[in-house]
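Please read the structure below before turning to the comments.
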Amino acid sequence: MTMVGLFWITEDHVYVGGEPTGAAPGVRLGKDGVECLGTDQGAFWTWDAVRSLDVRDVAVRSPARRLLAIAGDWVDVLLTTHVDQPPPFTVVIGTAEGTVEANALTAARSGVHTTAEYDLSRALLARLAAGAVTVDPPLTWRRARRDAGAPSRAEGEELLRAWAEGGPVSAR
Numbered sequence: 001m002t003m004v005g006l007f008w009i010t011e012d013h014v015y016v017g018g019e020p021t022g023a024a025p026g027v028r029l030g031k032d033g034v035e036c037l038g039t040d041q042g043a044f045w046t047w048d049a050v051r052s053l054d055v056r057d058v059a060v061r062s063p064a065r066r067l068l069a070i071a072g073d074w075v076d077v078l079l080t081t082h083v084d085q086p087p088p089f090t091v092v093i094g095t096a097e098g099t100v101e102a103n104a105l106t107a108a109r110s111g112v113h114t115t116a117e118y119d120l121s122r123a124l125l126a127r128l129a130a131g132a133v134t135v136d137p138p139l140t141w142r143r144a145r146r147d148a149g150a151p152s153r154a155e156g157e158e159l160l161r162a163w164a165e166g167g168p169v170s171a172r
């Protein structure tokens, strides 16, 4: 499993936000459609039924502000030994029946995404909803690098761009 942009990629599924466990909230993107997971938000739509996908309430900062936030978090942990979990964000799913909002857990390093990750991820969600791309490229990429660690931010952004363009995603 690895985090790339707003997506948690396993060998079998792509999650918007972190992969939930137990009754935790989450949104899973599969070959057949979009599934909301967790207590009080279980639902499934095939890709044909999905009209739009977007996110709100995502913690986004420029690279410089992100580094300052990380430094502040470290100081807080050192002084108080208290670690706050980042708040969940909202995934907005548009269907023919209306709009559904689901919570997703943040799994980004330090709980904050860069503006590039956020913009690329939102563009990808729109292209997924439009049927212009599928979840297959990142799944294939993840299987090819089963034992590799998380990609660097630059590699992650490269993967998001390749996926959004509908081309193959390299297995660096």
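Counting in the numbering used here, the sequence shown runs from 1 upward without gaps.
Ideal placement from N, C-alpha and C gives every residue a C-beta, glycine not left out.
Between residue i and residue j, is the Cβ-Cβ spacing less than 8 Å?
i: Val34; j: Leu139; result: no
i: Glu11; j: Arg143; result: yes
i: Val135; j: Gly30; result: yes
i: Glu157; j: Leu120; result: yes
Suppose you measure from the CA of residue i to the CA of residue j; what does that come to, to the nearest Å?
i: Gly167; j: Arg145; result: 18 Å
i: Arg161; j: Val60; result: 18 Å
i: Leu37; j: Thr2; result: 19 Å
i: Gly18; j: Ile9; result: 9 Å
i: Leu159; j: Pro88; result: 24 Å
i: Val133; j: Val27; result: 18 Å
i: Ala129; j: Asp147; result: 30 Å
i: Gly94; j: Val58; result: 18 Å
i: Val100; j: Asp40; result: 12 Å
i: Ala96; j: Phe44; result: 13 Å
i: Asn103; j: Pro25; result: 6 Å
i: Ala107; j: His113; result: 10 Å
i: Asp48; j: Gly149; result: 34 Å
i: Gly98; j: Pro151; result: 36 Å
i: Gly131; j: Gly22; result: 30 Å
i: Gly5; j: Tyr118; result: 7 Å
i: Val16; j: Thr90; result: 10 Å
i: Trp74; j: Ala116; result: At Trp74 the pLDDT is 49, less than 50, meaning the model places this residue with poor confidence; the figure from the coordinates comes in the next sentence. The straight-line gap from Cα to Cα measures roughly 24 Å.
i: Trp163; j: Pro137; result: 6 Å
i: Leu105; j: Phe7; result: 11 Å
i: Trp141; j: Glu165; result: 15 Å
So who's on the other strand from residue i, going by DSSP bridges?
i: Leu53; result: Ile93
i: Trp8; result: Met3, Tyr15
i: Arg127; result: DSSP, once it has assigned bridges, lists no residue as partnering Arg127.
i: Ala102; result: Val91
i: Arg61; result: Thr114
For residue i, decide whether its Cβ has a neighbour in chain D, counting only Cβ atoms nearer than 8 Å.
i: Pro138; result: In summary, chain D is missing from the structure at hand, where a single protein chain is found.
Handout entry: Contact between the region 125-133 and the region 51-62 (3+ Cβ pairs under 8 Å)
Key = Short answer: they touch.
Problem - Every unbroken beta strand (DSSP E) inside the region 20-48 [3 residues or more] - result: Counting only runs of 3 or more, we get 26-29, 33-37, 43-46.
Practice task
May I have a chain-ordered list of the beta strand (DSSP E) segments no shorter than 3 residues that lie completely inside the region 129-157?
Solution key: With a minimum length of 3 residues, no continuous beta strand (DSSP E) run stays inside the region 129-157.
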